[in-house]
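Just so it is clear: in the sequence shown, position 244 is 413 by my numbering, and no numbers are missing.
C-beta: ideal position from N, C-alpha, C; glycine also.
All values reported here derive from a predicted model rather than from experimental measurement.
Here's the structure, in structure tokens; my notes come after.
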Amino acid sequence: MNHSSRISGVGIKALFYGLRADRFTGEVSLNCGECTKSVFMQSGEISHCRSTLLDDRLGDVIYRAGKISLDLFVDLAGKVNSETRFGDLLISQGVCDLVELWEALNLQSKEILQSLAFYPLLDCEIKSDSAIKTPDYGLRFHWDSAIDEAIEEQALVKRFEKIARAHPQLTLDPKSLHLASTDFLRDIVSSIEEHKNFEVILDDHPPVSKNYVLQALFKLYSMSVITDSWDLFAQDLAGSAENELMAVVQHTNQIFRSIETVAYEHGVLGWDNAVTRANSILEQEFGQGVALVQEHGVQVSQLRKTIFLNTPFKKRARSELLRRWPISTVTLIQEGLKKALLYLLFDISNNKQLEDDARRIHAD
170 MNHSSRISGV
180 GIKALFYGLR
190 ADRFTGEVSL
200 NCGECTKSVF
210 MQSGEISHCR
220 STLLDDRLGD
230 VIYRAGKISL
240 DLFVDLAGKV
250 NSETRFGDLL
260 ISQGVCDLVE
270 LWEALNLQSK
280 EILQSLAFYP
290 LLDCEIKSDS
300 AIKTPDYGLR
310 FHWDSAIDEA
320 IEEQALVKRF
330 EKIARAHPQL
340 TLDPKSLHLA
350 STDFLRDIVS
360 SIEEHKNFEV
370 ILDDHPPVSK
380 NYVLQALFKL
390 YSMSVITDSW
400 DLFAQDLAGS
410 AENELMAVVQ
420 HTNQIFRSIE
430 TVAYEHGVLG
440 WDNAVTRANS
450 ILEQEFGQGV
460 ALVQEHGVQV
470 SQLRKTIFLN
480 TPFKKRARSE
490 LLRRWPISTV
500 TLIQEGLKKA
510 LLYLLFDISN
520 NKQLEDDARR
530 IHAD
């Protein structure tokens, strides 16, 4: 089987699912305009991916993922030559062992594969080759799930781009800058501080390939590092579910303020640490960006936005609660908020002087 065609980025799902059904062995070469990316298959399953894009090199991929620092990346990249590959340097310098290198190579293939969904058009050439060589490491991720995730993210990111271009000025929240926890994200933050404009950063001064910059900007927005209030997510909870969510959050905030009042009245030691721990529980439940803010509780708008971006949370809502979406979302929110509040109650209950107050609040 050898033929050429033109497909959209989101068309890769049908393409690779069809090749799986045909138990295809060979190379699928996809010209993206700026580069060519190749996906190799054995008996219908993807074995590995390659790319001519410099930003898809192993070092670039693990740098963006926060696996290595910028200084180490630059140092090792300067030592790469025709005889010494980046992976060899990672091993010889003691940066990682063989298992970690294996995981890094998997991450590289996954990123190349998922990046295909973000191109509007791809010139595709399918070349059958029964003697194709498969690398020793193999894939450690489900490529079909990876494609589904990429297509879902692509839809959100493109919607984000459209609205951000309509309102390109960018604002950062100093209190959330710590969430930009990798050198790559901090590099994007520096670009925002310098240019303060979405289109200038993406079109005129992108530090890496535009698609990767766009995804990074979207990630910073989803974590509320970028604070501009683009109304991207107004439709994720609708009608009665929205009213139920408001009621749940208001009730949770009342309980939180009651616990806080008791804690301060009795001078409970470690209250701030307990709130920090409760916030970590909320982030585990809903993703980064949701927090108990003293005197304000939880904001419905922030919960709604964060949950909309949290794919694992949405999957739980669909699968664990009989697919009652979005009503099921409210139920999971209620459970997550209870976990955080119960931690605070437990912290107070450990203080014998406050047992009665803790029981009263819990009963309420």
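Alpha carbon of residue i to alpha carbon of residue j, nearest angstrom
{"i": "A324", "j": "A432", "result": "45 Å"}
{"i": "D221", "j": "D244", "result": "The residue you asked about is not Asp; residue 221 is Thr in the sequence shown. Rounded to the nearest angstrom, the two C-alpha atoms are 22 Å apart."}
{"i": "V249", "j": "G263", "result": "16 Å"}
{"i": "R226", "j": "R233", "result": "11 Å"}
{"i": "F185", "j": "G202", "result": "20 Å"}
{"i": "S299", "j": "N275", "result": "23 Å"}
{"i": "S360", "j": "A190", "result": "45 Å"}
{"i": "E411", "j": "I316", "result": "31 Å"}
{"i": "I395", "j": "R219", "result": "33 Å"}
{"i": "S378", "j": "G436", "result": "53 Å"}
{"i": "V326", "j": "L438", "result": "44 Å"}
{"i": "I176", "j": "S278", "result": "20 Å"}
{"i": "I237", "j": "L258", "result": "13 Å"}
{"i": "V208", "j": "S297", "result": "12 Å"}
{"i": "T340", "j": "I332", "result": "15 Å"}
{"i": "V179", "j": "K206", "result": "15 Å"}
{"i": "D352", "j": "G256", "result": "20 Å"}
{"i": "I502", "j": "I424", "result": "15 Å"}
Host alpha helix (DSSP H) of residue i (start-end)
{"i": "I476", "result": "V469 to L478"}
{"i": "L258", "result": "F255 to S261"}
{"i": "R446", "result": "W440 to F455"}
{"i": "W271", "result": "L267 to S284"}
{"i": "G458", "result": "Here G458 belongs to no alpha helix (DSSP H), and DSSP marks it neither H nor E."}
{"i": "A300", "result": "Taken as a continuous stretch (DSSP letters only), A300 belongs to no alpha helix (DSSP H), as it is neither H nor E."}
{"i": "G187", "result": "I181 to A190"}
{"i": "A246", "result": "L239 to A246"}
Delimiting residues of the beta strand (DSSP E) encompassing residue i
{"i": "N200", "result": "G195 to N200"}
{"i": "E214", "result": "E214 to S220"}
{"i": "D292", "result": "L291 to S297"}
Three-way DSSP call (helix, strand, coil) for residue i in this model
{"i": "F310", "result": "coil"}
{"i": "K331", "result": "helix"}
{"i": "T205", "result": "strand"}
{"i": "H172", "result": "strand"}
{"i": "G235", "result": "coil"}
{"i": "M415", "result": "helix"}
{"i": "G155", "result": "Because the chain spans 170 through 533 in this model, residue 155 falls outside it and cannot be assessed."}
{"i": "D533", "result": "Any reading at D533 needs caution, since the residue's pLDDT is 49, under 50, leaving its predicted position unreliable; the model's value is listed next. In the structure shown, D533 sits in coil (DSSP, three-state: anything other than H, G, I, E or B)."}
From the options, residue whose alpha carbon lies closest to that of residue i
{"i": "S427", "options": "Q468, Q471 and L511", "result": "L511"}
{"i": "F387", "options": "E362, K365, E322 and R446", "result": "E322"}
{"i": "V539", "options": "R175, L451, R485 and S393", "result": "One cannot answer for residue 539 here, as it falls past the ends of the chain, which runs 170 to 533."}
{"i": "V444", "options": "G307, A509, G213 and F477", "result": "A509"}
{"i": "S173", "options": "S350, T253 and C293", "result": "C293"}
{"i": "W111", "options": "E196, F367, G439 and G180", "result": "Residue 111 lies beyond the stretch modelled for the chain, which goes from 170 to 533, so this question has no answer here."}
{"i": "L348", "options": "L389, H420 and L371", "result": "L389"}
{"i": "E429", "options": "K236, L514 and G456", "result": "L514"}
{"i": "N171", "options": "G178, V179 and F193", "result": "F193"}
{"i": "D356", "options": "C204, W440, P375 and I295", "result": "P375"}
{"i": "D224", "options": "D372, N380 and A319", "result": "N380"}
{"i": "L270", "options": "G307, H465, K483 and G247", "result": "G307"}
{"i": "G195", "options": "S212, L267 and F455", "result": "S212"}
{"i": "V499", "options": "E413, H311, A183 and Q384", "result": "E413"}
{"i": "I281", "options": "E252, H217, K484 and S488", "result": "H217"}
{"i": "N422", "options": "A447, L371, H465 and N448", "result": "H465"}
Those runs of the alpha helix (DSSP H) which lie wholly inside the segment 313-383 and span at least 4 residues: 352-364
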